[in-house]
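Number of protein chains: 2
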Amino acid sequence: MIELKKIGIVKSTRKEIRDDNWDSEKSYIEIDSDQFDSTSLEGVSDFSHVEVIFYMDKVKVEKIITKSRYPRNNKDWPKVGIFAQRTKNRPNKIGVCICRVLKVEGCKLFLEGLDAIDETPVLDIKPWVKEFSPRGIQKQPLWISELMKNYWRTSE
Amino acid sequence: MIELKKIGIVKSTRKEIRDDNWDSEKSYIEIDSDQFDSTSLEGVSDFSHVEVIFYMDKVKVEKIITKSRYPRNNKDWPKVGIFAQRTKNRPNKIGVCICRVLKVEGCKLFLEGLDAIDETPVLDIKPWVKEFSPRGIQKQPLWISELMKNYWRTSE
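Read top to bottom, the protein sequences are chains A and B.
If you use our numbering, the first sequence corresponds to residues 6 to 161, in order.
If you use our numbering, the second sequence corresponds to residues 6 to 161, in order.
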């Protein structure tokens, strides 16, 4: 077993688990003042984006997929393995999201485009660096582009 | 405390901890056959890239930074907080890397551009989806572009 400790917590206007419309929400991360202080966030706002790694603790163990399934249980799409999907119902319940940095205030990091609900424990925050972008030609299957259609969209 | 279990292990030609020249290495991930089987990787090769989340277990606890420091201890660069750096010496020792998918063979996923050393425990594998790219204008400070100069470079 690997033991981790949250480095902070998400504060978000999104209170319950839902798949889409993440750009409707406002959020910030409050880092844990027992382990860190405002110097831990120094220089973060020189980056336009950060990568947030979080632990989706509200996911129920019995919902976790380990083999394959239809994404969002939609049979119009191909049945694929858990590692070809980004569903929250996954082993270790880890989420990763690249978000825009709005501002830093003390131990609070205000973000745009974080797809984590209120009170989600945060495992790490890394600056986004363009040299870590996917290199070479990118491709993805049609089904996931369809699945993502309303993911960020603000209106319901 | 948050308890996680590795989903697989990195096999890499990079045996010891080193910062740069990652494109010199070859690697694959072997997923744990007690929890998963080859169906767990079904559909992964329809994506050009995956995002690998791993646990840098060789990092020594006493080296972990929680406040701020000069990146790579280089005083030509500004002293910045841990969350404005991607150093391995960080709380929770989590690494994230977007890699090119070469092929899947049973429970083995062959990759290009994975910056994790041999025997590193893997926490998750997610398909890379362009809708999760950083949105809007990107910026990063000059020091990190300098730091990244030889990161992928094959020659020493």
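Where is the CB? At the ideal position from N, CA and C, for every residue including glycine.
Small disclaimer: the values here were computed from a predicted structure and weren't measured.
Collapsing the DSSP output to three states places Glu-47/A in coil. Remark: C-beta atoms of Trp-133/B and Val-55/B approach each other more closely than 8 angstroms.
Neighbours of Tyr-33/B in chain A, taken as residues at a C-beta separation under 8 angstroms, are lacking, since the least C-beta distance is about 13 angstroms. Interface annotation, Ala-89/A: in contact with chain B, CB-CB separation under 8 angstroms.
The contact set of Val-85/A on chain B, defined by CB atoms closer than 7 angstroms, consists of Glu-47 and Gly-48 in chain order. Within 9 angstroms of the CB of Glu-8/B, the CB atoms of chain A belong to Met-6, Ile-7, Glu-8 and Leu-9, in sequence order along the chain.
Shown in chain order are the members of the segment 132–150 of chain B whose Cβ falls below 8 angstroms from a Cβ of chain A: Pro-132, Trp-133, Val-134, Lys-135, Glu-136, Phe-137, Ser-138, Pro-139, Arg-140, Gly-141, Ile-142, Gln-143, Lys-144, Gln-145, Pro-146, Ile-149 and Ser-150.
The DSSP-derived three-state label of Pro-132/B is strand. Contact with chain A is absent for Ile-22/B, since none of that chain's Cβ atoms lies less than 8 angstroms from the residue's Cβ. Here the segment 115–125 of chain A makes no contact with the segment 74–87 of chain A; the two share fewer than three CB pairs at distances below 8 angstroms.
Nearest Cα to Gln-143/A within the set Ser-53/B, Lys-16/B, Asp-28/B and Thr-44/B: Ser-53/B. Across the set Ile-103/B, Lys-10/B and Asp-24/B, the C-alpha of Lys-10/B shows the shortest separation from the C-alpha of Gln-40/B. Look at Asn-78/A: its C-beta is not under 8 angstroms from any C-beta on chain B.
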